[in-house]
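> Below: one structure in structure tokens.
In the working numbering, the protein residues as written are -10 to 569.
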């Protein structure tokens, strides 16, 4: 009977399948083992049980979930285009798997050939490789450590060597630090190979599909974007297609395809991984969002800070679109599924066109039903848990994203007795992400008081808002407070508890309605003033005082191990397409 090698047993014993953060540990990258994964014929039943149990626990953290739309809501005139785009997305998926590790296809084939290891294969597919993305990329299959540079650099290269090469070859800096090149050894030196050349066996057929989809598209804006992106796959010049993507406007189809985020490159943070989002725009929710955005001048005026720190002359902001996801692939599908994305990342494009935030409504709905509602029912008082609503949960996400465009941005500070123009980001440095997320999060609640005054919500909505805010804290902090979003939620939770707006009552967390508004307002004021003055020291004090998870919350979260951490999506479009 074929069994997994000793490497797998060691991983089953050593890997912690508990709640992990998003932060990456400083682990030394080991060279990928070239030997087959399945070798030994002798593995004890006890060891196999340990492995299977560990992998089963990991897979169980991801709830199988159908994501998509009722077929009747997918316009027939778009179906041939969508089918072509799904085909192109599947190519991106395979390309990304190879970007993570060149050994991934071989490892997956070996796992798929042994039916007794179905759970290990499931974990492999969720994580796009043998490393647990919830637990600092510890291997759950084999002992090979995940190379920090994935396949973007030579496996044996050190950060110092690469930095030294770039410093001594300044004429090559742009190519070496750009998003869209792979670095290889070239004799005694290094060379940068364009993605269009290195990944040609994937990008050429994908480009052909995009060209075909463009021919079928009725929307001239979509046709232009797909044609430009096909060209980018062939010539490695992505800027124009990013510009064209920003011009898609209110078209029905929302498609993002190509190399975007750099999280997979943990060595340098330069190289972009391939991914796809394919969705249909939700016109009703997009209209609701447009209504919310129309209040931005009033929202700015409503901020609880002196007028001199408000940005009352702010112009138009980047668009936000609400969509129903049909299919995702590649980087975005690995591990935890995203609720929203904000692209493009090219600063030149952002300066000229801004960026666009896209909210994934059906994904948010699935997370709400499968994760937030069960957690709220476990940790909140029963009568208040019933007030948790998807409308309030999703509304908070919408207002949160809008709030990123409110408050201080460009500021003037005094340095060495001189007035200096700068930005909040520049002054708060590494503390900025947590403070900015906290600002957007707390304003996501505070600004609803204005929207209630303006008649966008009923007065009773405030109870749904409080309940969903509290339940949302528990969902968001399950992996601790290591990264900005988790830290932001811990700060809010601790602040509201300090003000008596959240209390513990008979082992359940309870919000105190009459204290919530003042507590929310006071935190909004505090964070906004930190940003207004670019006050690094106060930001540090706030994070140190309020940014650690209290023991009682840790204990409460430990009791949620039977509630899934995230989703394992199956996209209904794949079956629907078979009948088109």
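Where a beta carbon is used, it is the ideal one built from N, C-alpha and C, also for glycine. A quick note: this is a predicted structure, and the numbers were derived from the prediction, not measured.
Among 347, 75, 78 and 523, which residue has its Cα nearest to the Cα of residue 271?
Start at 1 with the first residue of the chain shown, and residue 271 comes out as number 282. Comparing Cα-Cα distances from residue 271 to each of 347, 75, 78 and 523, the minimum goes to 347.
> What does residue 331 pair with, by DSSP beta-bridge criteria?
Residue numbering aside, residue 331 sits at position 342 when the chain shown is read from its first letter. Residue 331 pairs with 346.
> Runs of 3 residues minimum, wholly inside the stretch 35 to 78: which ones carry the beta strand (DSSP E) assignment?
Runs found: 51 to 56.
> Could you compute how far the alpha carbon of residue 201 sits from the alpha carbon of residue 56?
Looking up residue 201 in the chain shown gives position 212. Looking up residue 56 in the chain shown gives position 67. Distance between the alpha carbons of residue 201 and residue 56: 26 Å.
> Count Cβ pairs between the stretch 66 to 79 and the stretch 364 to 384 that sit closer than 8 Å; are there 3 or more?
With a cut-off of 8 Å, the stretch 364 to 384 and the stretch 66 to 79 do not count as touching, because too few Cβ pairs lie within range.
> Starting from residue 366, trace the alpha helix (DSSP H) in both directions and tell me its first and last residue.
Locating residue 366 in the chain shown gives position 377, where the first residue counts as 1. Start and end: 362 to 368.
> What runs of the alpha helix (DSSP H), each 4 residues or longer, lie entirely inside the stretch 161 to 249?
Entirely contained in the stretch 161 to 249, the alpha helix (DSSP H) runs reaching 4 residues are, in chain order, 162 to 166, 184 to 187, 189 to 205, 209 to 224 and 228 to 235.
> So, are the CB atoms of residue 483 and residue 539 less than 8 Å apart?
One-based indexing of the chain shown puts residue 483 at position 494. One-based indexing of the chain shown puts residue 539 at position 550. Yes, the Cβ-Cβ distance between residue 483 and residue 539 is below 8 Å.
> Assign residue 362 to buried or exposed, taking buried as 16 or more other Cβ atoms, counted over all protein chains shown, within 10 Å of its Cβ.
The sequence position of residue 362 within the chain shown is 373, counting from 1. Residue 362 is buried by the Cβ-count criterion.
> Relative to the C-alpha of residue 432, which candidate in 291, 317, 232 and 263 has its C-alpha closest?
Position 443 of the chain shown, counting from 1, holds the residue named residue 432. Comparing Cα positions, the closest option is 291.
> Taking all protein chains shown into account, decide if residue 398 is buried (16 or more other Cβ within 10 angstroms of its Cβ) or exposed.
For the purposes of this step, residue 398 is identified with residue 409 of the chain shown, where counting begins at 1. Exposed, since its Cβ has fewer than 16 Cβ neighbours within 10 Å.
> How many angstroms separate the CA atom of residue 336 from the CA atom of residue 502?
If you number the chain shown from 1, residue 336 lands on position 347. If you number the chain shown from 1, residue 502 lands on position 513. Going by the C-alpha atoms only, they are around 43 Å apart.
> Is it the case that the Cβ atoms of residue 556 and residue 54 are separated by a distance below 8 Å?
One-based indexing of the chain shown puts residue 556 at position 567. One-based indexing of the chain shown puts residue 54 at position 65. Yes.
> Can you round the beta-carbon distance between residue 278 and residue 395 to whole angstroms, since I take them to be within the 8 Å contact cut?
Reading the chain shown from its first residue, position 289 is the one you call residue 278. Reading the chain shown from its first residue, position 406 is the one you call residue 395. At roughly 15 Å, the Cβ-Cβ gap does not stay under 8 Å, so residue 278 and residue 395 are not in contact.
> Taking the straight line between their C-alpha atoms, what separation do you get for residue 339 and residue 100?
For the purposes of this step, residue 339 is taken as residue 350 along the chain shown, with counting starting at 1. For the purposes of this step, residue 100 is taken as residue 111 along the chain shown, with counting starting at 1. Computed Cα separation, rounded: 43 Å.
> Roughly how far, in whole angstroms, is the beta-carbon of residue 410 from the beta-carbon of residue 255, given that I think they are within contact range, below 8 Å?
Your numbering for residue 410 matches position 421 in the chain shown. Your numbering for residue 255 matches position 266 in the chain shown. Not a contact, Cβ separation roughly 34 Å.
> Tell whether a beta-carbon distance below 8 Å holds between residue 117 and residue 86.
Here residue 117 refers to the residue found at position 128 when the chain shown is read from its first residue. Here residue 86 refers to the residue found at position 97 when the chain shown is read from its first residue. Yes, these two residues count as a Cβ contact at 8 Å.
> Going by the DSSP bridge assignment, what does residue 557 pair with across the sheet?
Within the chain shown, numbered from 1, the residue matching residue 557 stands at position 568. Paired residues: 53.
> Output the boundary residues of the alpha helix (DSSP H) element that contains residue 532.
Looking up residue 532 in the chain shown gives position 543. Element bounds for residue 532: 525 to 535.
> Using the beta-carbon count (16 or more within 10 Å), is residue 476 buried or exposed?
Against the chain shown, residue 476 aligns to sequence position 487. By the 10 Å Cβ count, residue 476 comes out buried.
> Just to confirm my understanding: we take residue 393, look at its own chain, exclude 5 residues before and 5 after, and list those with CB closer than 6 Å. What are they?
For the purposes of this step, residue 393 is taken as the residue at position 404 of the chain shown. Closer than 6 Å at the Cβ level, and outside the excluded window around residue 393, lie 429.
> Along the beta strand (DSSP E) that carries residue 443, what are the first and last residues, could you check?
Here residue 443 refers to the residue found at position 454 of the chain shown. Note, residue 443: premise wrong, no beta strand (DSSP E); not H, not E.
> For residue 560, collect the residues of the same chain with a Cβ closer than 7 Å to its Cβ; drop the 5 residues on either side in sequence, then sort them by chain order.
In the chain shown, residue 560 corresponds to position 571, counting from 1. For residue 560, where only same-chain residues beyond five positions count, the Cβ hits under 7 Å are 56, 57, 315 and 316.
> Assuming residue 78 and residue 265 are in contact, meaning their beta carbons sit under 8 Å apart, how far apart are those beta carbons, in whole angstroms?
By 1-based counting over the chain shown, the position of residue 78 is 89. By 1-based counting over the chain shown, the position of residue 265 is 276. 4 Å between Cβ atoms; contact.
> Given this structure, state the Cα-to-Cα distance separating residue 418 from residue 478, to the nearest angstrom.
As a first step, residue 418 is located in the chain shown; it is residue number 429 there, counting from the start. As a first step, residue 478 is located in the chain shown; it is residue number 489 there, counting from the start. Taking the straight line joining both Cα atoms gives about 20 Å.
> Might you give, ordered along the chain, the residues of its own chain that have their beta carbon closer than 7 Å to the beta carbon of residue 169, omitting 5 neighbours on each side?
In the chain shown, the residue the question calls residue 169 occupies position 180. Once the five neighbours on either side are set aside, the close Cβ partners of residue 169 are 183, 184, 225, 227, 248 and 261.
> Hey, how far is the Cα of residue 481 from the Cα of residue 427?
To locate residue 481, count along the chain shown from 1; it is residue 492. To locate residue 427, count along the chain shown from 1; it is residue 438. Taking the straight line from one Cα to the other gives about 7 Å.
> One question on the structure: do residue 318 and residue 82 come within less than 8 Å of each other, judged by their Cβ atoms?
As a position in the chain shown, residue 318 is number 329, starting the count at 1. As a position in the chain shown, residue 82 is number 93, starting the count at 1. Closer than 8 Å, so yes.
> Between residue 527 and the rest of its own chain, which residues show a CB-CB distance below 7 Å, the 5 nearest in sequence each way excluded?
Working through the chain shown from its first residue, we reach residue 527 at position 538. Cβ within range, chain order: 519.
> The beta strand (DSSP E) with residue 455 in it runs from where to where?
On the chain shown, residue 455 is found 466 positions in, with the first residue counted as 1. Premise fails: residue 455 lies in the alpha helix (DSSP H), 450 to 465, not in any beta strand (DSSP E).
> For residue 494, write down the residues that DSSP places opposite it in a beta bridge.
For the purposes of this step, residue 494 is identified with residue 505 of the chain shown, where counting begins at 1. Looking at the DSSP assignment, residue 494 forms a beta bridge with 497.
> Excluding the five sequence neighbours on either side, which residues of its own chain have a C-beta within less than 8 Å of the C-beta of residue 567, listed in chain order?
Taking the chain shown and counting its residues from 1, one reaches residue 567 at position 578. Counting only Cβ-Cβ distances below 8 Å, and skipping sequence neighbours, we find nothing.
> Nearest-angstrom Cα distance between residue 66 and residue 207?
Along the chain shown, read from residue 1 onward, the residue named residue 66 stands at position 77. Along the chain shown, read from residue 1 onward, the residue named residue 207 stands at position 218. Each residue's Cα considered, the two are about 8 Å apart.
> Between residue 61 and the rest of its own chain, which residues show a CB-CB distance below 7 Å, the 5 nearest in sequence each way excluded?
Your numbering for residue 61 matches position 72 in the chain shown. Here the set comprises nothing.
> On the CB-based measure, 16 or more other CB atoms within 10 Å of its CB, does residue 280 come out buried or exposed?
If you number the chain shown from 1, residue 280 lands on position 291. By the 10 Å Cβ count, residue 280 comes out exposed.
> So what's residue 319 in DSSP terms, helix, strand or just coil?
What you label residue 319 is simply residue 330 of the chain shown in a count that begins at 1. It is a strand residue.
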